[in-house]
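With the UniProt record's numbering, letter number 47 in the sequence shown gets 47, and the count goes up by one each step, no holes. Glycine included, C-beta positions come from ideal geometry on N, C-alpha and C.
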Amino acid sequence: MNRFTIPRDIYFGENALDVLKTLEGSKAVLVIGGSSVKKNGNLDKIQQLLSEANIETTVIEGITTEPTTQIVKKGVRVLNDFQPDWVIGIGGGSVMDAAKAMWLFYEHPELTFEDATRPFSLPRLRTKAKFVGIPTTSGSASEISNLSVITDAETGVKYPLADFELTPDMAIIDPVMVQSMPKHVIAYSGMDAITHSIEAYVAKPRTIFTDSLAIEAAEVLKENLLASYQGDRKAREQVHYAQAMAGMAFANAVLGNVHSLSHKSGPTFNMPHGCANAIYLPYVIQFNRTVVEDRYAAIAKRLGLKGENNKELVDSLIAWIRDLNREMNIPNTLQEYGVSEEMFHAHVDEMAANAVQDPCTSTNPRETSVEEMKKLYIAAFYGLDVNF
Numbered sequence: 001m002n003r004f005t006i007p008r009d010i011y012f013g014e015n016a017l018d019v020l021k022t023l024e025g026s027k028a029v030l031v032i033g034g035s036s037v038k039k040n041g042n043l044d045k046i047q048q049l050l051s052e053a054n055i056e057t058t059v060i061e062g063i064t065t066e067p068t069t070q071i072v073k074k075g076v077r078v079l080n081d082f083q084p085d086w087v088i089g090i091g092g093g094s095v096m097d098a099a100k101a102m103w104l105f106y107e108h109p110e111l112t113f114e115d116a117t118r119p120f121s122l123p124r125l126r127t128k129a130k131f132v133g134i135p136t137t138s139g140s141a142s143e144i145s146n147l148s149v150i151t152d153a154e155t156g157v158k159y160p161l162a163d164f165e166l167t168p169d170m171a172i173i174d175p176v177m178v179q180s181m182p183k184h185v186i187a188y189s190g191m192d193a194i195t196h197s198i199e200a201y202v203a204k205p206r207t208i209f210t211d212s213l214a215i216e217a218a219e220v221l222k223e224n225l226l227a228s229y230q231g232d233r234k235a236r237e238q239v240h241y242a243q244a245m246a247g248m249a250f251a252n253a254v255l256g257n258v259h260s261l262s263h264k265s266g267p268t269f270n271m272p273h274g275c276a277n278a279i280y281l282p283y284v285i286q287f288n289r290t291v292v293e294d295r296y297a298a299i300a301k302r303l304g305l306k307g308e309n310n311k312e313l314v315d316s317l318i319a320w321i322r323d324l325n326r327e328m329n330i331p332n333t334l335q336e337y338g339v340s341e342e343m344f345h346a347h348v349d350e351m352a353a354n355a356v357q358d359p360c361t362s363t364n365p366r367e368t369s370v371e372e373m374k375k376l377y378i379a380a381f382y383g384l385d386v387n388f
């Protein structure tokens, strides 16, 4: 038996934020990142809409780094004092992930972090509050997904919290929230969305439902991401919708080795998640093509890439990703990003061992050993073809 779970309500399009006026409740905690949502007036707009619903608000701000256990604990104290019946994450993936984890431990203060990291074993939520996700970037799809990635404050290792209980009750995908994104954020978040669509399409738990969303999202991203990066507002709106479609796919089909590699190396090299995904994606496609070349070829064909057979189509897919990286000023190797040989070799063994234990590795279409994961890191560092 398969399962497909997304938020109960997804509001999208111009003025989608207006739905906030219809919420029923008395208090809401708004979790935000830096100052951009304040400067562009969107925070004031959201608070005004909630005020019209007679909902009192307080703000947790400053989630400007990937969320750690310390950040989550600090936020939970605010929730405990304020006692909201809505938790609203407003931001990119890091903000949304932090908000979800705060919500979880607000609902279940007895839960330990170790308990929470066991996949699909969380207790029931929504006994105290419901969750709304409002994305300000176009990539993570955390407003759609059942995931929250939290970094252990002591070890620096990223741990995905995965459970359908973490699926938001409502997602509000309003293009006004992403029109002022910086170019590097457009690039990194866009490549995150492309990675989601491709990994979901080849992941072991894929279904006909996830396939349709993943491949359609990939096509919309192919047609609009570069134009969005170059400043086209309509293209940016389309990318914002496509990343949510990719999110619906990966939230149910899960992901693969690209995310395993990224989760374990991002904190080590201080590398943004979407940038890491963009670097690793071509190498993982080369690795996985031995078992799912036909699936990658189907994506390439849908995207209109050249090729007379599966091999040529997959080669075109890899070349397209690398070309897109270059056009958006994203490096194609870890060395090009700025990671030194000394730092890389000091951490690669530990990263490979941790990456194999990442939940995303279990759904990658090809089984992966620690030695193979290490070879993937080495290939991505030096820019080597993956032929093992």
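Short Cβ contact (9 Å threshold) for residue i with residue j
i: P359; j: T167; result: no
i: L170; j: M328; result: Looking at the sequence itself, residue 170 is Met, so the reference to Leu does not match. No, Cβ-Cβ distance for M170 and M328 is not below 9 Å.
i: S142; j: K100; result: yes
i: I186; j: I321; result: no
i: I150; j: T68; result: yes
i: V87; j: A28; result: yes
i: K73; j: F105; result: yes
i: G33; j: S94; result: yes
i: S189; j: G92; result: yes
i: V59; j: V19; result: no
i: V178; j: H273; result: no
i: E66; j: V176; result: no
i: L261; j: L376; result: yes
CA-to-CA distance, residue j to residue i, given in whole angstroms
i: E56; j: G89; result: 16 Å
i: Y283; j: L49; result: 46 Å
i: K38; j: M181; result: 13 Å
i: G156; j: M351; result: 11 Å
i: H259; j: L122; result: 22 Å
i: K21; j: G256; result: 39 Å
i: N364; j: D85; result: 37 Å
i: D115; j: D152; result: 13 Å
i: D211; j: T290; result: 20 Å
i: R206; j: N54; result: 42 Å
i: A214; j: A253; result: 10 Å
i: Y337; j: T361; result: 24 Å
i: A246; j: A278; result: 15 Å
i: Y296; j: S148; result: 27 Å
i: V132; j: R77; result: 19 Å
i: I10; j: L17; result: 11 Å
Inter-residue CB distance, residue i and residue j (contact presumed, cutoff 8 Å)
i: L305; j: L317; result: 6 Å
i: E107; j: L125; result: 5 Å
i: A217; j: A251; result: 12 Å between Cβ atoms; not a contact.
i: V202; j: N288; result: 6 Å
i: V370; j: V356; result: 5 Å
i: Q286; j: D385; result: 7 Å
Paired residues, beta bridge with residue i - DSSP
i: I10; result: A171
i: K130; result: W86
i: Y337; result: Y337 is not bridged to any residue.
i: V59; result: L30
i: L161; result: S148
i: G91; result: P135
i: T68; result: T151
Assigned exposure category for residue i - 16 Cβ within 10 Å defines buried
i: D174; result: buried
i: residue 402; result: Because the chain spans 1 through 388 in this model, residue 402 falls outside it and cannot be assessed.
i: D44; result: exposed
i: G231; result: exposed
i: H345; result: exposed
i: T112; result: exposed
i: I172; result: buried
i: R236; result: buried
beta-carbon residue i near the ligand SAH non-hydrogen atom, thresh 8 Å
i: G190; result: Absence of the ligand SAH is noted for the structure shown, with no ligands found whatsoever.
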